[in-house]
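When we follow my numbering, the leftmost residue of the first sequence carries the number 207, and every step to the right adds one. Backbone N, C-alpha and C define an ideal beta-carbon position, used for all residues, glycine too. Inspection log for the structure reproduced underneath, given as structure tokens.
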Amino acid sequence: MKQKIKNLILKAALNAHEKGDLPSSEFPDVEVDTPRIESQGDFSTNIAMVMASVQKMQPKRIAEAIIKNIDDPKGIISKTEIAVPGFINFFINNLAWHPVLPRIHEEGDMYGSSDIGKGSKIQVEFVSSNPTGPLHVGHGRGAAVGDAMANILLFCGYDVEKEYYINDSGRQINTLGRSVFLRYRQLFGENIDFPDDCYQGDYIRDLAGLIKEDKGRTLLDQKEEEAVHYCAQFAAKNIIAGIRDDLKSFGVEFDNWFSEQSLYDSGKVDNVLNDFRSRNIIYEKDGAHWFRTKDFGDEKDRVVVRNNGQTTYFASDIAYHKDKFDRGFERIIDIWGADHHGYIPRIKASIEAAGYSKDRFDVILVQLVNLLRGGQPVAMSTRAGEFITLADVISEVGSDAARFIFLTRHHESPLDFDLELAKKKTNENPVFYVQYVHARISSIIRKGREKGIKETGWDEKAVSILKEPEEINLIKSLGSYPETVRLSAEFMEPHRITFYLMNLASSFHTYYNKHRVLTDDQLLTGARLYLVVAVKKVIKNGLTLLGVSAPEKM
RNA sequence: GCGCCUGUAGCUCAGCUGGAUAGAGCAACGGACUUCUAAUCCGUAGGUCGCAGGUUCGAAUCCUGCCAGGCGUACCA
């Protein structure tokens with residue numbers, strides 16, 4: 207609808223120019239807004255004010271010239287107004303909104319989809335938690351944002367791949383092995399002080415127990431190095447399997463699990479480092495190897511090989527991001543915890559140095575989650591190994607509530623996640639509020655069937671009965687869904703869908719309380735059914751993008 | 001110190017990349033179930049958009065400087 211108005215305005219401006227009502231043929235981009243206040247119409251444009259200096263005319267005169275030249279054969283516009291500074295306000299004929307309904311019925315699950323991505327290959331990498339412990343709540347937020355983002359991009363015509371990067375190499379894996387091995391030895395009665403720098407959680411003991419069951423005491427006879435290595439591999443594999451399960455119960459499945467170690471095994475890390483050395487992008491100082499990230503806009507240069515010969519995490523990350531582009535992705539999106547933001551300039555530097563444009567790389571920073579219970583902070587200490595895992599949260603409040611709540615904030619604002627609130631079944635909890643719409647409409651349909659009432663289907667005459675303000679309001683809201691999806695993809699902000707759904711839900715509940723769908727008037731009932739079924743479809747459509755279910759009953 | 005993020009109603013947050021009189025939910029108060037799920041709705045009240053300048057027809061939104069909070073600033077990941 208907005209686009210239609212845009213075109214009408216543009217054509218009117220051209221007509222006006224041809225007829226000599228407007229001197230200049232220079233037209234700015236037409237901007238059409240939806241005013242907040244009802245009395246200001248359904249759409250407004252600022253074109254007259256923007257053109258004032260070019261046309262050397264008063265905005266009011268320009269507005270008059272444009273209105274005079276509007277050609278609206280279908281009668282979409284019921285009224286136009288010129289408002290004080292020079293806005294032109296358009297009032298849409300109520301009946302002009304209705305054609306969105308058959309579109310929703312036809313397109314169903316695909317309503318709102320588009321091809322703005324033009325099939326270009328895009329990768330979303332998220333969660334990528336170290337395989338040294340279970341996922342916690344913060345990872346859940348990253349998972350919810352990443353998965354929703356991937357769904358939205360797919361819906362907008364991108365060829366999306368979801369990837370999980372496994373940090374299965376380097377020091378933290380060694381620490382994991384040591385932690386498990388020490389617990390293992392404790393199981394055989396050794397009296398060992400468990401070091402602070404080892405992983406403290408109970409899951410480490412559990413893993414040690416599993417190894418004991420499997421291997422008996424044989425590890426004690428091996429060289430420590432070998433035993434630690436075995437424990438590390440065993441534990442990492444086990445933990446990853448657990449992470450995979452947790453994500454699955456959260457409704458998140460990845461297309462690809464990418465191993466950091468594989469970058470070393472295939473020589474990709476060495477290759478890219480050698481390439482940078484040969485191009486003098488890496489130099490030696492104090493026995494370490496430094497990447498000239500400063501030359502690419504970072505604050506200072508960064509170490510890639512330490513003076514003990516070990517590569518840093520950054521070294522494999524250089525190879526990793528290069529490899530993503532080598533695999534043919536036109537754009538890559540990383541979803542990180544906000545505490546990693548300082549890492550962005552150096553990754554961009556590495557991408558530029560590897561010969562790709564840093565503009566093809568985006569990072570979505572997800573702020574931290576404060577876990578609360580009844581308003582009180584839940585104590586969490588990773589060091590002491592006392593934390594509520596994502597799995598705990600899912601089993602307590604359910605995947606739907608968790609996912610939805612994670613998406614009720616802009617990803618760059620910190621989020622309070624209250625476990626008690628997430629379980630509440632009231633207006634305080636937005637998940638139920640939205641899902642309830644779907645359940646209510648399902649219920650209406652069931653009741654209708656019992657009474658032998660069928661949907662009318664698209665019948666312009668019947669549907670044109672829908673002219674209650676609450677109905678027009680609902681239809682307008684339905685019509686704006688595709689734009690919401692598009693903006694959500696463009697700005698990489700999944701929460702826009704969440705807010706849209708809450709808004710649509712509110713419009714529906716208002717309508718529901720004021721008007722009955724199933725009435726004695728057959729024509730009206732059919733038309734209203736047609737409307738609410740469209741609402742149901744859009745609610746389901748949006749919830750699906752967010753990874754939340756749409757229940758038939760609640 | 002420097003860098004990034006945040007600051008909007010008592011609380012939790014939106015605000016469509018510069019538009020007109022800044023919006024929701026919660027909490028408070030007052031109402032609505034013999035009718036399709038009251039897990040809902042309607043109404044009342046609540047604001048110097050952190051502060052101060054600047055840009056312009058027009059600023060919560062853009063720029064600059066402060067103030068407050070969070071995070072980062074490793075040869076950790």
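- Rounded to the nearest whole angstrom, the C-alpha separation of Asp523 and Asp540 is 12 Å.
- Residues of the same chain with a CB within less than 7 Å of the CB of Lys682, apart from the 5 flanking positions on each side, are Trp303 in chain order.
- Taking C-alpha positions only, Leu228 is separated from Leu360 by approximately 44 Å.
- Gly543 sits in a strand when the DSSP states are folded into three classes.
- Around the beta carbon of Ala269, 16 or more other beta carbons lie within 10 angstroms, which makes this residue buried.
- For Lys208, the closest of Gly493, Lys500, Val306, Phe249 by C-alpha to C-alpha distance is Phe249.
- Burial of Met263 is indicated by the presence of at least 16 other C-beta atoms within 10 angstroms of its C-beta.
- Assignment of Asn719 by DSSP, reduced to helix, strand and coil, places it in the helix class.
- Residue pairing of Pro583 in beta bridges, as defined by DSSP: Leu578.
- Under DSSP, Tyr370 shares a beta bridge with Trp463.
- Rounded to whole angstroms, Ser465 and Gln582 show a C-alpha spacing of 39 Å.
- Listed as beta-bridge partners of Ile288 by DSSP are Ile294.
- Here DSSP, grouped into helix, strand and coil, assigns Thr251 to strand.
- If you ignore the 5 residues before and after Arg347, its C-beta comes within less than 7 Å of the C-beta of Val572, Val575, Phe612, Leu621, all in its own chain and listed in chain order.
- According to DSSP, Lys491 shares a beta bridge with Ala494.
- The continuous alpha helix (DSSP H) containing Leu388 extends over residues 377-393.
- A residue is called buried once 16 or more other Cβ atoms fall within 10 Å of its Cβ, and Thr632, having fewer, is exposed.
- Ranked by Cα distance from Gly753, the first of Leu735, Met355, Ser472 is Met355.
- Per DSSP, the continuous alpha helix (DSSP H) segment holding Glu689 begins and ends at 687-696.
- Residue state for His617 is assigned as coil, using DSSP reduced to three classes.
- When the five nearest sequence neighbours on each side are left out, the beta carbons in the same chain lying within less than 6 Å of the beta carbon of Tyr687 are those of Gly318, Val744, in order along the chain.
- Here DSSP, grouped into helix, strand and coil, assigns Lys262 to coil.
- Straight-line measurement puts the Cα of Asp565 at about 26 Å from the Cα of His345.
- Here the alpha carbons of Val458 and Tyr706 stand approximately 22 Å from one another.
- A distance of 8 Å or more separates the beta carbons of Arg552 and Leu625.
- For Asp568, the uninterrupted beta strand (DSSP E) segment begins and ends at 567-572.
- Beta-bridge annotation (DSSP): Val475 is not paired with any residue.
- Nearest Cα to Asp412 within the set Ser468, Pro340, Tyr370: Pro340.
- A direct Cα-to-Cα measurement between Asp321 and Arg692 gives close to 10 Å.
- Per DSSP, the unbroken alpha helix (DSSP H) holding Gln439 starts and ends at 430-455.
- Under the three-state reduction of DSSP output, Val741 falls in the helix class.
- Taken atom to atom, the span from the alpha-carbon of Thr286 to that of His546 is near 51 Å.
- Look at His304 here: in three-state DSSP terms it is coil, with no helix or strand label.
- When only Cα atoms are considered, Gly534 and Gln439 end up about 31 Å apart.
- Spatial neighbours of Gly247 in its own chain (CB-CB distance under 7 Å, excluding positions within 5 residues in sequence) are listed in chain order as Pro241, Glu287, Asn295, Phe296, Phe297.
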